[in-house]
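All residue numbers for the sequence shown refer to our numbering, where the first residue is 27 and numbers rise by one. In what follows, a structure is listed as C-alpha cells, so that the remarks can point back to it.
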Amino acid sequence: MKRPAHMVLLFFLATVVKAQDLTMTFTGNGASTHVESITATNLNTRQSISFPGNDTLFLTSGNGIPSGSVLEYQDLVFPNPFSGQATFSTYISQNQLITLMIRSFSGQVITAFHGTVGSGKQAFSIQMKTPGIYSLSLATDRGTISQKMICMNSENGENGIQYLGLLPDNQNTQNPSDKPGLKSHETRYSLGFTVGDVIHYKCSSGEYTTIITDSPVSSVNYQIEFVECADDDGNFYPVVSIGGQTWMAGNLAFLPKVNLSTQGSENTPHLYVYNYQGTDVGSARTTDSFKTYGVLYNWSAALIACPAGWHLPSIQEWDWMTDFSQASELTGFDAMPGGVRQADGNYNSQGKSGGFWSSMDTDLSEAFSRNLDFENDLASRIVEGKSTGLSVRCVRDPGNSGLLPTVNTYPVTGITSFIAEGAGNLIATNAESASERGICWSTSPNPTLLDHSTSASAGLGVYSVALDGLSAGTQYYYRAFATNSAGTGYGAELSFTTLEGGSFTDSRDSKSYHYVKIGDQSWMAENLAYLPVVSTAASVSGLNPHNYVYGYDGTNVNTAKAGANYSTYGVLYNWPAAVTVCPAGWHLPSNAEFTRLVNYVGGEAIAGFKMKSRKGWNDNAGANGNGDNSFGFSALPGGDIEGTGIFLNVGNYGSFWTADYDGPSNGRMWLLDNFNVGAFLHSYPKSIGVSVRCIKN
Numbered sequence: 027m028k029r030p031a032h033m034v035l036l037f038f039l040a041t042v043v044k045a046q047d048l049t050m051t052f053t054g055n056g057a058s059t060h061v062e063s064i065t066a067t068n069l070n071t072r073q074s075i076s077f078p079g080n081d082t083l084f085l086t087s088g089n090g091i092p093s094g095s096v097l098e099y100q101d102l103v104f105p106n107p108f109s110g111q112a113t114f115s116t117y118i119s120q121n122q123l124i125t126l127m128i129r130s131f132s133g134q135v136i137t138a139f140h141g142t143v144g145s146g147k148q149a150f151s152i153q154m155k156t157p158g159i160y161s162l163s164l165a166t167d168r169g170t171i172s173q174k175m176i177c178m179n180s181e182n183g184e185n186g187i188q189y190l191g192l193l194p195d196n197q198n199t200q201n202p203s204d205k206p207g208l209k210s211h212e213t214r215y216s217l218g219f220t221v222g223d224v225i226h227y228k229c230s231s232g233e234y235t236t237i238i239t240d241s242p243v244s245s246v247n248y249q250i251e252f253v254e255c256a257d258d259d260g261n262f263y264p265v266v267s268i269g270g271q272t273w274m275a276g277n278l279a280f281l282p283k284v285n286l287s288t289q290g291s292e293n294t295p296h297l298y299v300y301n302y303q304g305t306d307v308g309s310a311r312t313t314d315s316f317k318t319y320g321v322l323y324n325w326s327a328a329l330i331a332c333p334a335g336w337h338l339p340s341i342q343e344w345d346w347m348t349d350f351s352q353a354s355e356l357t358g359f360d361a362m363p364g365g366v367r368q369a370d371g372n373y374n375s376q377g378k379s380g381g382f383w384s385s386m387d388t389d390l391s392e393a394f395s396r397n398l399d400f401e402n403d404l405a406s407r408i409v410e411g412k413s414t415g416l417s418v419r420c421v422r423d424p425g426n427s428g429l430l431p432t433v434n435t436y437p438v439t440g441i442t443s444f445i446a447e448g449a450g451n452l453i454a455t456n457a458e459s460a461s462e463r464g465i466c467w468s469t470s471p472n473p474t475l476l477d478h479s480t481s482a483s484a485g486l487g488v489y490s491v492a493l494d495g496l497s498a499g500t501q502y503y504y505r506a507f508a509t510n511s512a513g514t515g516y517g518a519e520l521s522f523t524t525l526e527g528g529s530f531t532d533s534r535d536s537k538s539y540h541y542v543k544i545g546d547q548s549w550m551a552e553n554l555a556y557l558p559v560v561s562t563a564a565s566v567s568g569l570n571p572h573n574y575v576y577g578y579d580g581t582n583v584n585t586a587k588a589g590a591n592y593s594t595y596g597v598l599y600n601w602p603a604a605v606t607v608c609p610a611g612w613h614l615p616s617n618a619e620f621t622r623l624v625n626y627v628g629g630e631a632i633a634g635f636k637m638k639s640r641k642g643w644n645d646n647a648g649a650n651g652n653g654d655n656s657f658g659f660s661a662l663p664g665g666d667i668e669g670t671g672i673f674l675n676v677g678n679y680g681s682f683w684t685a686d687y688d689g690p691s692n693g694r695m696w697l698l699d700n701f702n703v704g705a706f707l708h709s710y711p712k713s714i715g716v717s718v719r720c721i722k723n
C-alpha cells in the first residue's frame, strides 16, 4: 500500500484551548467499560498520539503542534517505503533516556533501541530483513510518537536499530524551549486536524482492542464496544465494526499444528507459516512471518479455524470491500499482505499482496477469496484452488438470532433434455443443526423452497440430487439450500439450459420415453422397453424374433416387467426382433446413422465416455465406467444374453443393434464398456440379445 513519506505522532503539553478545537472523549461498553489507552492517528497527515482512555483528545486546527512540546516536528523515516534500510531522524530538546521500538502490524516487538541521547537532531539507522508494514515508536519521559513504515523488499540477515548520533546541521537547530514567551502547563493531548481528515482510533482495555475510524465535524463522546475475539491458542485480536458487522482487524494466527509447504490437500486441513519449513509449532511461532502476518490456511482449515462465536465470512459478507481503500486504515480493517502458499508448495508475495478465504466454494477443487494487491492498490474477487494457503479474517456471528446455514451451490452436471444433477456443499460452520439440505430451482430468478426443490440425505459436506421433470430447451435458475432453526440459507444462484428434446408415448403400450436432439438427429434417451411377449433364456434364434429381460427366465410378461432390471435397462432384443420393434415414427438406426452420432460426440476414441450415463456403470478402480453424458444419450450397461442362453455383463457392457448386418448370421452393433472411454463397432450373431435405441424418422 502506498503511504505518505512522513508520519507524525506527538505527545503534547497543553496551551490555551482554541475555540475551533474539537474535544473527543471515550466510554467503554460490552466486554469492558474501562477504556485503558487510545492511539489516535490522523490518516491524512500521519500524525499520531497515544494517551490514557479517560483523558480528552483535542483535535486542533493546523498541524496540532502546541508550543513547548518536548518533541519537535522533525520525525522522519526516509525513504518510506524503503528496501531493507532507512534512516530515522528526530529532534530531542533535552538530554534524556529514550526508547525507539519497531513492532509488527500485529503488535509484536521486532527490534528496539534503549539508551540516553543528548539534545539536538538525532539520527538512527533502521534495518529490516522481512518485507512488511511496521510501526515505529519513539518514547521519552514526556510522550510517545509513532509512525508506520513499509519495507518493500530486503536482503538483510537481521533486524536492527543503530544510533548514528547528531546530524551535521544540529548546531543551527534552535531548541523550541528557548523561544520567548513559552510556558508549560498541565498535560494536554492534541492532534492536528482539518475538517475532512479521517481519524483512526485504536482503543484498548486489557486484552480487548477495538478500532474505529471517523471524520468528525463536531465534538464527540465515542461509545467503544469491546468484544472478545480470542482463539484457543490464547491470541486476542483487535476488532472493527464495518457495515453493521464486527470483523477481526488482524490476520488469524491460530496454529494448533503446522505443515510443510510441500504438504498440500484440497480436503484435509493444512496450516502454514510463510517460509517456515518444519512441523514444530513452537518454532513456527517465533518467526517474523508468524508474528507479523499470522497463519496461512488451506480452505478446509479456514472453514474451522475461527474462534467460537466467529465464522469464516461468505463471499457476500466480503462484498462491502469493493475497492482497495476499503481494506485500509480508512475503515479500520488494516489489511495485511501475508502472501500466499501456492498449490505447488512455493511461497510468494508476502509484503506485496494478501488473499483472504471466503466460505463459498465453486466445486470440489476451488473456492472464492478476496485478493488485495498492495503494490497496485487493487482489490478483487478471485477463485483459488482449495489447497492454496491464504490468510483468514473472521467475522462475528450475529447476536441471539443465530446464523443461517452456510451452503454453496455447485455447477449442475449431467444435463439432458429432462433431468440434471444438482449439487451443493453444506459447510460445517453453523450447519450442525441443519434439518434439511438440497437444491431448489425455477424458470425465474431467485428460486426458493416455494418453487421446485429436491432434498438430499441429512449431513454435512457435499451432496447431490436429481432435478427431474425438466422441460427440454429451457433455462433454469437454481440454488443450494439448507434449513436450521434460524431459517433457510441459500447458496449463490446459478443457471443452466436443458438440451433440446422432448418426450413421446408408444401407442402400443402407452409407455412414455424421453428423447434428446444430438446434432440434427433425435435419439431416444432411454432403452426401448416394449415387451409384447417375453422369451425364456433357452429360446435362442437368429431367425425368429425374441425378447428378453435380463435375469428373468420365464414367459410371464407382467412378472418380467416387475423386476428391477426391466425398470432400469428395458428389454434385450435379438436382431430379428430389433429391426421391427421401434414405435411408429421411429426406426432402428442404420450403421451410418449410429456412426454419425459417434462422430458428432467426439469420435470413436472418446464417444463411450460422452455417451455413457453418469451413474449405473461399474466404475471400479482403474476402470472407465461412468461417463459424463455430455449430450444426454444416457447409455446404460444393460448387458446381453449370449447365444448359449446365458445372461452376462450387466453393469459392464451396453450394446446397441443397428439395422445393418453381415451375411445371414451376423448383425452389426455398437458396444460401450466399463474398461474404455471409446465406442466400438462389432459384428455379432443375430441370436444375441442386446439393447435398442431408436432414432426419429
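Glycine included, C-beta positions come from ideal geometry on N, C-alpha and C.
The ligand FAD heavy atom lying under 6 Å from the CB of residue i
| i | result |
| --- | --- |
| G365 | In the structure shown, the ligand FAD is absent, as is every other ligand, since no ligand is present at all. |
Of the residues the options, the one placed nearest residue i, counting alpha carbons only
| i | options | result |
| --- | --- | --- |
| T531 | G671, N510, T469 and A610 | A610 |
| K587 | N570, A564 and V560 | V560 |
| M50 | Y248, E343, I408 and T594 | Y248 |
| S490 | C466, N510 and S497 | C466 |
| T59 | Y541, T474, S130 and E233 | E233 |
| S384 | H337, F139, C229 and D403 | H337 |
| P471 | Y504, G485 and I453 | Y504 |
| Q3 | A112, N121 and D259 | As displayed, the chain neither begins before 27 nor continues past 723, which places residue 3 out of reach and without an answer. |
| T67 | G56, N80, T53 and L85 | L85 |
| A279 | Y263, D686 and T294 | Y263 |
| F316 | A446, Q368, N261 and L162 | N261 |
| S115 | V143, E62, N573 and I441 | V143 |
| Q173 | S245, T65 and I124 | T65 |
Integer Cβ distance of residue i from residue j, believed to fall under 8 Å
| i | j | result |
| --- | --- | --- |
| Y592 | V607 | That belief does not hold up - the Cβ atoms of Y592 and V607 are roughly 15 Å apart, past 8 Å. |
| T236 | I250 | 5 Å |
| L525 | G658 | 5 Å |
| N324 | T469 | About 38 Å; that fails the 8 Å criterion. |
| T684 | L614 | 7 Å |
| T300 | N285 | At residue 300 the sequence reads Tyr, which differs from the Thr that was named. Contact doesn't hold; Cβ gap of about 12 Å is too wide. |
For residue i, three-class secondary structure by DSSP
| i | result |
| --- | --- |
| N573 | strand |
| G528 | strand |
| D688 | strand |
| L329 | helix |
| D699 | strand |
| D666 | strand |
| L623 | helix |
| M362 | coil |
| T578 | According to the sequence displayed, residue 578 carries Tyr and not Thr. Coil. |
| K636 | helix |
| K722 | strand |
| T726 | This structure does not reach residue 726, given that the chain is present from 27 up to 723, and the question cannot be answered. |
| T170 | strand |
| G90 | Reliability fails at G90, whose pLDDT of 41 lies under 50, so the model's placement of it is uncertain and no value is given. |
| V559 | coil |
| Y263 | coil |
| Y319 | helix |
| E181 | coil |
| P424 | coil |
| G308 | helix |
| G704 | coil |
| W344 | helix |
| N198 | Residue placement at N198 cannot be trusted, given a pLDDT of 37 that sits under 50; what the coordinates show is reported in the next sentence. Residue state, collapsed to three classes: helix. |
| W683 | strand |
CB contact check: residue i to chain C, cutoff 7 Å
| i | result |
| --- | --- |
| V583 | Here there is only one protein chain, and chain C is not present. |
* Asked: Are three or more beta carbon pairs between the stretch 172-191 and the stretch 404-422 nearer than 8 Å?
  -> no
* Are at least three pairs of beta-carbons, each pair with one atom in the stretch 519-528 and one in the stretch 617-631, less than 8 Å apart? -> no
* **Complete beta strand (DSSP E) runs within the stretch 366-404 (minimum length 3 residues, chain order)** => 379-387 and 392-399
* **Meets three-Cβ-pair contact criterion under 8 Å: the stretch 668-675 and the stretch 554-574** => yes
* In chain order, which continuous runs of the beta strand (DSSP E) of length 3 or greater are located wholly inside the stretch 213-255? -> 215-218, 225-231, 234-240 and 246-252
* **the stretch 676-692 / the stretch 660-667 touching (three or more Cβ pairs under 8 Å)** => yes
* **In chain order, each beta strand (DSSP E) run of at least 3 residues that lies wholly inside the stretch 495-520** => 501-510 and 513-516
* Per the contact definition of three or more C-beta pairs closer than 8 Å, is the stretch 374-382 in contact with the stretch 495-510? -> no
* Asked: Are three or more beta carbon pairs between the stretch 360-367 and the stretch 304-313 nearer than 8 Å?
  -> no
* Asked: How do the stretch 532-545 and the stretch 388-406 stand: do at least 3 beta-carbon pairs fall below 8 Å, yes or no?
  -> no
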